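Novice:
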Amino acid sequence: MSATAGQAQGERSLAERLGLKPGQVVQEVGWDDDVDDDLRDSIEELTGNELVDEDYEDVVDVVLLWWRDGDGDLFDALSGVVTNLTDGGQIWLLTPKAGREGHVEPSDIGEDATTAGLSQTSSISAAPDWSGTRLVTPKARR
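Those letters in the sequence shown? Residues 987 to 1128, by this note's numbering.
1) With ASP1039 as the anchor, note down where its beta strand (DSSP E) starts and where it stops.
2) Where does the unbroken alpha helix (DSSP H) through GLY1096 begin, and where does it stop?
3) At the level of alpha carbons, what is the spacing between GLY1019 and GLY1074?
4) Got a sec, what are the start and stop residues for the beta strand (DSSP E) GLY1066 sits in?
5) Need the endpoints of the alpha helix (DSSP H) that ASP1073 sits in, please.
6) From ALA1112, ASN1070 and VAL1048, pick the residue whose C-alpha is nearest to that of PRO1008; which is it?
7) Run through the DSSP bridge pairs and tell me what GLY1016 is partnered with.
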């Protein structure tokens, strides 16, 4: 297997670890120059769709929310994007890892997510510099 094929397979597996599936619509919010382009590319490859931006006006299966300390009010951001989700949709909150500029404390994520009516289901290392936290609406609200 070539190095490129191995890298591509690794990228697909990361997007699959996010729980993404072919055909899903993924909305990206909070893009900036520091986001992980390999993660973005792997999501587009797996879903077969380009990421849609925050101005997209239809419902989406997944919101990819890049968030850094200093970006504003996380509660407001979460409350805003949850309205875009289809039933059973999910938010992947991507924050800089500990020790990186813009790191967000897990306790702040938990508090703001709960206040926004979301449940935290899992956390992963989403990319070399980014942690991912999966947030969903509680089953009673779905």
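Virtual Cβ for every residue (Gly too), placed ideally from N, Cα, C. All of these numbers come straight from a predicted model, not from anything done at the bench.
Specialist: Inspection of the coordinates gives the following:
1) As a first step, residue 1039 must be located in the sequence shown, where it is residue number 53. For ASP1039, no beta strand (DSSP E) run applies, since DSSP gives it neither H nor E.
2) Looking up residue 1096 in the sequence shown gives position 110. From DSSP, the alpha helix (DSSP H) with GLY1096 extends over 1092-1101.
3) Numbered from 1 along the sequence shown, position 33 holds the residue referred to as residue 1019. Numbered from 1 along the sequence shown, position 88 holds the residue referred to as residue 1074. Residue identity differs from the one stated: residue 1019 is Asp in this sequence, not Gly. Their backbone Cα atoms lie some 30 Å apart in a straight line.
4) Along the sequence shown, read from residue 1 onward, the residue named residue 1066 stands at position 80. Per DSSP, GLY1066 belongs to no beta strand (DSSP E); it is in the alpha helix (DSSP H), 1060-1068.
5) As a working mapping, residue 1073 is identified with position 87 in the sequence shown. Careful: ASP1073 lies outside any alpha helix (DSSP H), inside the beta strand (DSSP E) at 1071-1082.
6) Within the sequence shown, numbered from 1, the residue matching residue 1008 stands at position 22. For the residues ALA1112, ASN1070 and VAL1048, the minimum Cα distance to PRO1008 belongs to VAL1048.
7) What you label residue 1016 is simply residue 30 of the sequence shown in a count that begins at 1. According to DSSP, which records beta bridges pairwise, GLY1016 is partnered with nothing at all.
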